[in-house]
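As structure tokens, the structure follows; a few thoughts come after it.
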Amino acid sequence: MAVAVTGVEEETQLLRFLKRPTADAGALFQDDLRRRVAHLAGSGEGSDLDLAVLIRQLLRRRSLEDGNTAWVTTAQSISVRLRAAPRAGLREIAPDTWSAPAWAPDWLDSLGTPDGAAAAGESSGQRFESDQPAADPFFTACTGFETYRTPGQRAACRAVVSVPDGSTVIAMLPTGSGKTEVALCLAERYRYGVTVVVVPTTALAYDLERRFRDHLAARNRRVDRTALHLAWTSSTPEQTRELIRRRVRDGKQRFLVTSPESVGRALRHLLIDAARTGRLGAMVVDEAHLVTHWGRDFRPEFRTLADLRTSLVDAATVIGYPPPVTLLLSATLGPGELADLHQLFTGPGQCTLIAANALRVEPDLFVAVAEDDELRAAQVLEALAHLPRPAILYVTRPADARDWTDRLRAAGWDRLAVVTGETKDADRAAALDGLRATADSPASIDLVVATSAFGMGIDYPHVRSIVHACLPETVDRWYQEIGRGGRDGDVAVALLLTAPDDRREAASLGVTVLTAEVARERWRDLWDHRVPIGDRDFVDLEGSRGAVGSYNLRWNSQLVQGLVELGVLRRLPTDAEDVTELADLKEGGKHQWVGVALLRSDWDSDEFWRDVWTPWQQREMGRSQKALRAIEQLASNAVAACEAVAAAYRPDKHTYDLFGDAARFVEPLAPCGRCPSCRQARIAPVNDPAPRPPQTWPLPSDDAPDLADLIAAGATRDGLVVLVADDPEEVASRLARVLLRRGMRHLSGPIGCPATASDWLFVDPEPVTPQDLTPRSVFVGYPVSTSAPGRWLNNWQRMANRTYAAPAVDVLLLARSATLGDLDPVRDLRALDALTALQILGE
1 MAVAVTGVEE ETQLLRFLKR PTADAGALFQ DDLRRRVAHL AGSGEGSDLD
51 LAVLIRQLLR RRSLEDGNTA WVTTAQSISV RLRAAPRAGL REIAPDTWSA
101 PAWAPDWLDS LGTPDGAAAA GESSGQRFES DQPAADPFFT ACTGFETYRT
151 PGQRAACRAV VSVPDGSTVI AMLPTGSGKT EVALCLAERY RYGVTVVVVP
201 TTALAYDLER RFRDHLAARN RRVDRTALHL AWTSSTPEQT RELIRRRVRD
251 GKQRFLVTSP ESVGRALRHL LIDAARTGRL GAMVVDEAHL VTHWGRDFRP
301 EFRTLADLRT SLVDAATVIG YPPPVTLLLS ATLGPGELAD LHQLFTGPGQ
351 CTLIAANALR VEPDLFVAVA EDDELRAAQV LEALAHLPRP AILYVTRPAD
401 ARDWTDRLRA AGWDRLAVVT GETKDADRAA ALDGLRATAD SPASIDLVVA
451 TSAFGMGIDY PHVRSIVHAC LPETVDRWYQ EIGRGGRDGD VAVALLLTAP
501 DDRREAASLG VTVLTAEVAR ERWRDLWDHR VPIGDRDFVD LEGSRGAVGS
551 YNLRWNSQLV QGLVELGVLR RLPTDAEDVT ELADLKEGGK HQWVGVALLR
601 SDWDSDEFWR DVWTPWQQRE MGRSQKALRA IEQLASNAVA ACEAVAAAYR
651 PDKHTYDLFG DAARFVEPLA PCGRCPSCRQ ARIAPVNDPA PRPPQTWPLP
701 SDDAPDLADL IAAGATRDGL VVLVADDPEE VASRLARVLL RRGMRHLSGP
751 IGCPATASDW LFVDPEPVTP QDLTPRSVFV GYPVSTSAPG RWLNNWQRMA
801 NRTYAAPAVD VLLLARSATL GDLDPVRDLR ALDALTALQI LGE
């Protein structure tokens, strides 16, 4: 059996193998690129061009790492294949010896290195420099990690384990920050109930099922991961569904990953019953920006998640069980999406924002405008022959994807797949599996041609190149899609190539709202053909005006959503039983039912459509047109790409009104140093540390220490207790133990007190500063030779993160010889002796 090797040994072994390939040796290597090269060179699979592009990437990686021109000697059988693929730009500098010059096309700016992403996998290709705070005990117990990935992840994890039951937490963290671990911590808080995870695609459902299986199996070796059924999709067999139902009722189903449609229909009653019996833990909505983007358009079930959440909270509260905490996860939330989520998910319970947005450091950005489609096609083909793998080519429509797939195959590529909204779930999963190279299964795909449907759920870390042969309709869509590259923290490349006809196509994807005349006629038709069940009315989004199809559904969904937002309608739950009964009443054909209640009687008046609908229509279309102008400016280099991204997420006054200082961390900071405008301005690449968002969220009323007797002893100043000792470290652990018994839940500094994960404690190994405080009261121990900053005496700074929590009481332990700012703790602050404090607290 072959033994895997790493690093320099891997490289040496691969170079030796290329001289004398004997069989598929991909399993010998851990590095993604080396696995791909060894597999193709040894197996003979793939086309000549597929192999040549990978060999080129291997050579460019070595050149970028040491600054010299790298070369490789190959067996004659490999050289024959490389000579047959001149498109990749390899040079045979001696018989069977090859080099790869840098790719520097004259149609891109000359200041960057377009194929620089080939450096991934070496030290020169490492980009993500995470500020990794020490993990709290509960995080390590839950995930196995000794550190958080970023301060933003730490804030989100701490929030979800400590907010009051029934709260909502919006976690806006950049791609690669570890959002899944936030959900795992929330699920661990409710380990005896089911955590429902709502996802937009079947591919993402199965990917999360795989990751949750791995998580549960890692925590319990007796668990058979293959027997864990955690996803409920349209293809889930009835036998498996019944097993899931039974396990939810018994409190044995830890995770349930499903779609908005399923939780609102087939699973609605099951989940409400689970809430009534204390078997429901939490609800997580992944890719929460789609509540706005898709929910207001063709998937209204995203909007009804808020109604379902209210029903679940109410069902649990009435019986006396803890209502579920809701977690909304996304990397891309602008002010409009944040306001929308706040309106939908606030009450019962508060809605809190944890945002730590930052421009991604992994992708180098390149932008070019071609004179026509033919020239753009030539540029794309040239780019794909030189850019590192794996790569994704994004286009706008499924027909474009099919055309490009045919063109690429004709040009010589073989290891490619196509994924669009029309792709079957099995084929989509096969494409994602084909990208992955593992010891047991070599990668079979290096290039995916895709529409925006290939985005959510792409949890493959090693994608190196993202090419757009189109104009995305928004900066947000473009930024999300380039975020599929470099998720391993290494350098990636994003290339935006547009042509004149792209604008018209992008505009067609924007928001087009029905005119008042058309909307009125369409709503009359929908309402006239409504079907009553009891005292509820249902309209068929597929049935208006006798037409069926995606556009009809989209228009009708938009129409109903507009009438909801304008106060004409209220959505009503439409569960599986309703759909069954409606199917019996309306046999045959395709139907999409939604329950509605009519709230206004003037909906058929000229005044309503002129004075209410038309202004709403103009606002919606105005936002869409503004978004299109922004991406056009980016694509033409009229605005720096990084500035366009920052502007897309920049909070407005309303965002600050809703979320306070947390809104400051919604906008990523420009410049970046990695886009054409920054390179032209000679701005060096920026590597700022990860944002440190304020740790601000509400707490339960009982999450506060009982220190009334210590306060009564006169040891406090504005909620600050100062204790002194000759040797603080000698008494720190004793104080920590008694303070824990009194309800203290945050320890900081070299305290040396063993803390268990079950306590949900926050633990910082170094003394925190007032600006790093959480809503919880904290016990901070300082080493004997260390003084404390005077900012502790500033009550405003200490309470800045405690806006939504009860007044905190913080306890500082200092050496008797230390100072607090410029003050002597004993003489100036009447600090209490630590041993006396132990007596008061009843050690």
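In terms of full-length UniProt numbering, the sequence shown is numbered consecutively and its last residue is 843.
Even glycine gets a Cβ: it sits at the ideal position worked out from N, Cα and C.
In this text, all values refer to a predicted model and were calculated from it rather than measured experimentally.
Going by other Cβ atoms of all chains shown within 10 Å of its Cβ, with 16 needed for buried, is residue i buried or exposed?
| i | result |
| --- | --- |
| Asp-709 | exposed |
| His-746 | buried |
| Gly-320 | exposed |
| Thr-97 | exposed |
| Thr-774 | buried |
| Ser-235 | exposed |
| Tyr-649 | buried |
| Tyr-782 | buried |
| Lys-19 | exposed |
| Tyr-460 | buried |
| residue 846 | Nothing can be reported for residue 846: it is not among the residues displayed for the chain, which extend from 1 to 843. |
Alpha carbon to alpha carbon, how far is residue i from residue j?
| i | j | result |
| --- | --- | --- |
| Ala-194 | Phe-345 | According to the sequence provided, residue 194 is Val. The question's Ala does not apply to it. Cα-Cα distance, rounded: 20 Å. |
| Arg-303 | Ala-331 | 19 Å |
| Arg-436 | Thr-515 | 47 Å |
| residue 856 | Thr-574 | Since the displayed the chain opens at 1 and closes at 843, residue 856 lies outside it and no answer follows. |
| Leu-735 | Val-811 | 10 Å |
| Phe-128 | Pro-174 | 12 Å |
| Thr-405 | Leu-416 | 8 Å |
| Thr-226 | Ala-203 | 18 Å |
| Glu-565 | Phe-145 | 44 Å |
| Leu-393 | Ile-170 | 31 Å |
| Ala-627 | Arg-213 | 40 Å |
| Arg-91 | Glu-422 | 41 Å |
| Arg-664 | Asp-297 | 29 Å |
| Val-160 | Gly-251 | 21 Å |
| His-654 | Ala-383 | 43 Å |
| Gly-152 | Asp-364 | 24 Å |
| Pro-398 | Thr-420 | 6 Å |
| Val-318 | Thr-277 | 11 Å |
| Thr-201 | Ser-259 | 7 Å |
| Gly-714 | Val-826 | 13 Å |
| Leu-15 | Ala-70 | 12 Å |
| Gln-625 | Arg-504 | 12 Å |
| Ala-829 | Leu-720 | Note on residue identity: the sequence assigns Leu, not Ala, to residue 829. About 10 Å. |
| Gln-561 | Leu-814 | 60 Å |
| Arg-268 | Asp-502 | 43 Å |
Does any residue of chain D bring its CB to less than 8 Å from the CB of residue i?
| i | result |
| --- | --- |
| Val-763 | Protein chains in the displayed structure number just one, and chain D is not present. |
I'd like the list of long-range same chain contacts for residue i, defined as Cβ closer than 6 Å, with 5 residues on each side in sequence excluded.
| i | result |
| --- | --- |
| Ser-748 | Asp-764, Pro-767, Val-768, Val-778, Val-780 |
Please go through the same chain and pick out, in chain order, the residues whose beta-carbon is closer than 8 Å to the beta-carbon of residue i, but skip the five residues on each side of it.
| i | result |
| --- | --- |
| Ala-684 | Gly-673 |
| Arg-524 | Asp-604 |
| Glu-581 | Ile-533 |
| Arg-191 | Arg-254, Gly-281 |
On the DSSP letters alone, give me the boundaries of the beta strand (DSSP E) that residue i sits inside.
| i | result |
| --- | --- |
| Thr-168 | 168-172 |
| Pro-363 | 363-369 |
| Glu-92 | 91-94 |
| Ile-533 | 531-533 |
| Trp-404 | Premise fails: Trp-404 lies in the alpha helix (DSSP H), 398-411, not in any beta strand (DSSP E). |
| Val-98 | Residue identity differs from the one stated: residue 98 is Trp in this sequence, not Val. From DSSP, the beta strand (DSSP E) with Trp-98 extends over 97-99. |
| Trp-593 | 593-598 |
| Val-194 | 194-198 |
| Val-722 | 720-725 |
For the alpha helix (DSSP H) holding residue i, just list the boundary residues, first then last.
| i | result |
| --- | --- |
| residue 851 | This structure does not reach residue 851, given that the chain is present from 1 up to 843, and the question cannot be answered. |
| Ala-641 | 641-649 |
| residue 904 | The requested residue 904 does not occur in the structure, where the chain is confined to residues 1 to 843. |
| Ala-417 | Element bounds for Ala-417: not the alpha helix (DSSP H) but the beta strand (DSSP E), 416-419. |
Going by beta carbon distance, what residues of the same chain come within less than 7 Å of residue i, once the five residues before and after it are set aside?
| i | result |
| --- | --- |
| Gln-57 | Leu-33, Ala-118, Pro-388, Arg-389 |
| Ala-135 | Phe-145, Glu-146, Thr-147, Tyr-148 |
| Arg-265 | Thr-574, Asp-575, Ala-576, Val-579 |
| Leu-228 | Arg-213, Leu-216 |
(request) Pick out the complete alpha helix (DSSP H) segments inside the region 39-87, 4 residues or longer, and give them in chain order. (result) 48-66, 76-83
(request) Output the residue ranges of the alpha helix (DSSP H) runs that lie fully inside the region 230-299 and measure 4 residues or longer, sorted by chain position. (result) 238-249, 260-264, 268-276, 290-293
(request) Run through the region 122-172 for me and flag every whole beta strand (DSSP E) of 3 or more residues, listed as ranges in chain order. (result) 168-172
(request) Mind listing, in chain order, the continuous alpha helix (DSSP H) runs of no fewer than 4 residues lying wholly within the region 324-392? (result) 335-345, 373-386
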